[in-house]
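These protein sequence lines map, in sequence, to chains A and B.
Position 45, counted from 1, in the first sequence is what my numbering calls 45; the numbers after and before it change by one each time, with no gaps.
Heads up, my numbering is the position in the second sequence plus 1000, with the first residue counted as 1.
We put the CB at the ideal spot given by N, CA and C, even for glycine.
Since the structure is predicted, the reported quantities are computational estimates derived from the model, not experimental observations.
Working notes, structure below.
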Amino acid sequence: MTEHANLLRAGEPAPDFTLRATPDQMVSLSEFRGRPVIIAFYPADWSPVCGDQMALYNEVLPEFHKLGAELLGISVDGAWCHAAFASARKLHFPLLSDFEPKGAVARAYGAYRPKDGTSERALFVIDGDGVIRWSYCPPVGVNPGADGILEALEAMHGERSEVAR
Amino acid sequence: MSAHKQGTLRSDVSERDHTLGAKNAPVTLVEYGDYECPHCYRAHPIVTAIREQLGVKLRFVFRNFPLTQIHLHAFHAAEAAESVAAHAGEAAFWAMHDTIYEHQQDSDDALDDAHLVRYAAACGADPVQVKQDLVEENFEERVSADFMSGVRSGVNGTPTFFINGERFEGDWTNRQAFTAALEEAAELAHR
Chain A
1 MTEHANLLRA GEPAPDFTLR ATPDQMVSLS EFRGRPVIIA FYPADWSPVC
51 GDQMALYNEV LPEFHKLGAE LLGISVDGAW CHAAFASARK LHFPLLSDFE
101 PKGAVARAYG AYRPKDGTSE RALFVIDGDG VIRWSYCPPV GVNPGADGIL
151 EALEAMHGER SEVAR
Chain B
1001 MSAHKQGTLR SDVSERDHTL GAKNAPVTLV EYGDYECPHC YRAHPIVTAI
1051 REQLGVKLRF VFRNFPLTQI HLHAFHAAEA AESVAAHAGE AAFWAMHDTI
1101 YEHQQDSDDA LDDAHLVRYA AACGADPVQV KQDLVEENFE ERVSADFMSG
1151 VRSGVNGTPT FFINGERFEG DWTNRQAFTA ALEEAAELAH R
């Protein structure tokens, strides 16, 4: 049995969720039907490195948008914590609070670490029909970068262009 | 689905790169770095010491990975270094590279355009030219190309190191472990 045996895989439907994006705004996955969504679970705001995973995705955001995709960051931190973190790092995409019940969405995606009480650094690329097209969970402590996400989005993009032809 | 292992250098070291050391060295260490990043600042003397220690066994390559949303001056610093390289040569580039890191922590404005131009002049470049290159963004494409090659290779923060094309997942702040990983790569290359 692999470490991430429960991680949802390509071909499975992406469980819908509604989470707090700001102290007074909720966001649902189903709102994004029709376009690809990248979900990036990460353990915690304020990790002690600059150029951490969220800062990196913030820089690569224009590339994600070029491919028509929206990015959602999810951790168990509360909405006020997310607000402070997003403001300090000038993040231009929503951070969702998987806060109450804690980690419920991460659990639904097979990306929760009960021992640490946080999510994994798990990545999901979901298509416009709400189906997972790619998922990836690196070993603990390894920040996965953005190369896999871009490849997955481009593969979907390629398929769409073929259908259009 | 991924055709390649993640965290693998996707853009081969070539003539367009800034390199130190012999082309046929058994180990090539590629750093994707940001001139305003405090971790890269810490990494700079470690890399310098390791280069001295490994000598002819090591070739070092620096590529730009400015995180513009958190580091206000990082992109211009990278452009200034590229301008110096283009107009004054590789030796001047490396002098500029060292100078920027050495001054990074001097003050809040240590990497603003006025300082960058001054460093460039001290490294033998024409300050007027460098200033013009910054204003006209003449090296914007070059720096962005470095950045995207890093994204494609799985750069996940700064600094990110690749040892013979593989992302180094160890702790670069531990000089002994970092050196050991490079020595091991050198041995493997000889087999």
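Next item on the list: Can you tell me which of B:F1139, B:I1050, B:C1123 puts its alpha carbon nearest to the alpha carbon of A1177 (chain B)?
Entry: Translated into positions along the second sequence, residue 1177 (chain B) becomes position 177. When only C-alpha atoms are compared, the closest one is B:I1050.
Margin query: Quick check on E12 (chain A) - is its C-beta less than 8 angstroms from some C-beta in chain B?
Written below: The residue you call residue 12 (chain A) lines up with position 12 of the first sequence. No, its Cβ sits nowhere closer than 8 angstroms to a Cβ of chain B.
Note to self: Using only the alpha-carbon positions, how far apart do V37 (chain A) and A1078 (chain B) sit?
What the structure shows: To locate residue 37 (chain A), count along the first sequence from 1; it is residue 37. To locate residue 1078 (chain B), count along the second sequence from 1; it is residue 78. Between V37 (chain A) and A1078 (chain B), the C-alpha separation is close to 32 angstroms.
Check: The alpha helix (DSSP H) with E59 (chain A) in it runs from where to where?
Finding: As a position in the first sequence, residue 59 (chain A) is number 59, starting the count at 1. 53-66 is the extent of the alpha helix (DSSP H) around E59 (chain A).
Next item on the list: Grab the span of the beta strand (DSSP E) containing S135 (chain A) for me, first residue to last.
Entry: As a first step, residue 135 (chain A) is located in the first sequence; it is residue number 135 there, counting from the start. Element bounds for S135 (chain A): 132-136.
Next item on the list: Using alpha carbons as the reference points, say which of A:E63, A:A88, A:A104 lies closest to G117 (chain A).
Entry: The residue labelled residue 117 (chain A) in the question sits at position 117 within the first sequence. Out of A:E63, A:A88, A:A104, A:A104 has the C-alpha closest to the C-alpha of G117 (chain A).
Checklist line | Cβ-based contacts, 9 angstroms cut-off: residues of the segment 1054-1087 of chain B near chain A | finding: F1065, P1066, L1067, T1068, Q1069, I1070, H1071
Notebook entry, point to check: Helix, strand or coil: which one does DSSP assign to Q25 (chain A)?
Noted result: By 1-based counting over the first sequence, the position of residue 25 (chain A) is 25. Note: Q25 (chain A) maps to strand in three-state DSSP.
Notebook entry, point to check: Taking only beta-carbon atoms, is E1169 (chain B) less than 8 angstroms away from chain A?
Noted result: Residue numbering aside, residue 1169 (chain B) sits at position 169 when the second sequence is read from its first letter. Cβ-Cβ to chain A under 8 angstroms: yes for E1169 (chain B).
Check: Of the choices B:S1011, B:E1102, B:G1165, B:K1023, whose alpha-carbon is the least far from that of T1048 (chain B)?
Finding: For the purposes of this step, residue 1048 (chain B) is taken as residue 48 along the second sequence, with counting starting at 1. Nearest to T1048 (chain B) by C-alpha distance, out of B:S1011, B:E1102, B:G1165, B:K1023, is B:E1102.
Item checked: is_contact[V1151 (chain B), chain A] using C-beta, thresh 8 angstroms -> The count along the second sequence starts at 1 and reaches residue 1151 (chain B) at position 151. Yes - at least one Cβ of chain A is within 8 angstroms of the one on V1151 (chain B).
Margin query: For E1079 (chain B), report the span of its alpha helix (DSSP H) as first-last.
Written below: As a first step, residue 1079 (chain B) must be located in the second sequence, where it is residue number 79. Note, E1079 (chain B): alpha helix (DSSP H), 1074-1088.
Notebook entry, point to check: Contact between the segment 1028-1040 of chain B and the segment 1058-1070 of chain B: three or more CB pairs below 8 angstroms?
Noted result: yes
Item checked: Where G1116 (chain B) falls, given that 16 or more other Cβ within 10 Å makes a residue buried -> Against the second sequence, residue 1116 (chain B) aligns to sequence position 116. Looking at the sequence shown, residue 1116 (chain B) is not Gly but Leu. In this structure L1116 (chain B) is buried. Its beta-carbon is surrounded by 16 or more other beta-carbon atoms within 10 angstroms.
Next item on the list: Enumerate in chain order the residues of its own chain whose CB-to-CB distance from A1092 (chain B) is below 8 angstroms, with the five nearest sequence positions on each side excluded.
Entry: On the second sequence, residue 1092 (chain B) is found 92 positions in, with the first residue counted as 1. If we look at A1092 (chain B) and ignore the five residues flanking it on each side, its Cβ neighbours are V1084, A1085, C1123, G1124, A1125.
Checklist line | Any alpha helix (DSSP H) of 4 or more consecutive residues that is wholly inside the segment 1113-1167 of chain B | finding: 1113-1122, 1127-1136, 1140-1153
Notebook entry, point to check: Mind checking D77 (chain A): buried by the 16 CB within 10 Å criterion, or exposed?
Noted result: Looking up residue 77 (chain A) in the first sequence gives position 77. Per the 10 Å Cβ criterion, buried.
Note to self: Taking the alpha-carbon of A1025 (chain B) as reference, which of B:I1163, B:S1149, B:G1157 has the nearest alpha-carbon?
What the structure shows: For the purposes of this step, residue 1025 (chain B) is identified with residue 25 of the second sequence, where counting begins at 1. Taking only the C-alpha atoms, the option nearest A1025 (chain B) is B:I1163.
Next item on the list: Go through its chain and collect everything with a Cβ distance to K115 (chain A)'s Cβ below 7 angstroms, but skip five positions before and after it.
Entry: Numbered from 1 along the first sequence, position 115 holds the residue referred to as residue 115 (chain A). Contacts found: none.
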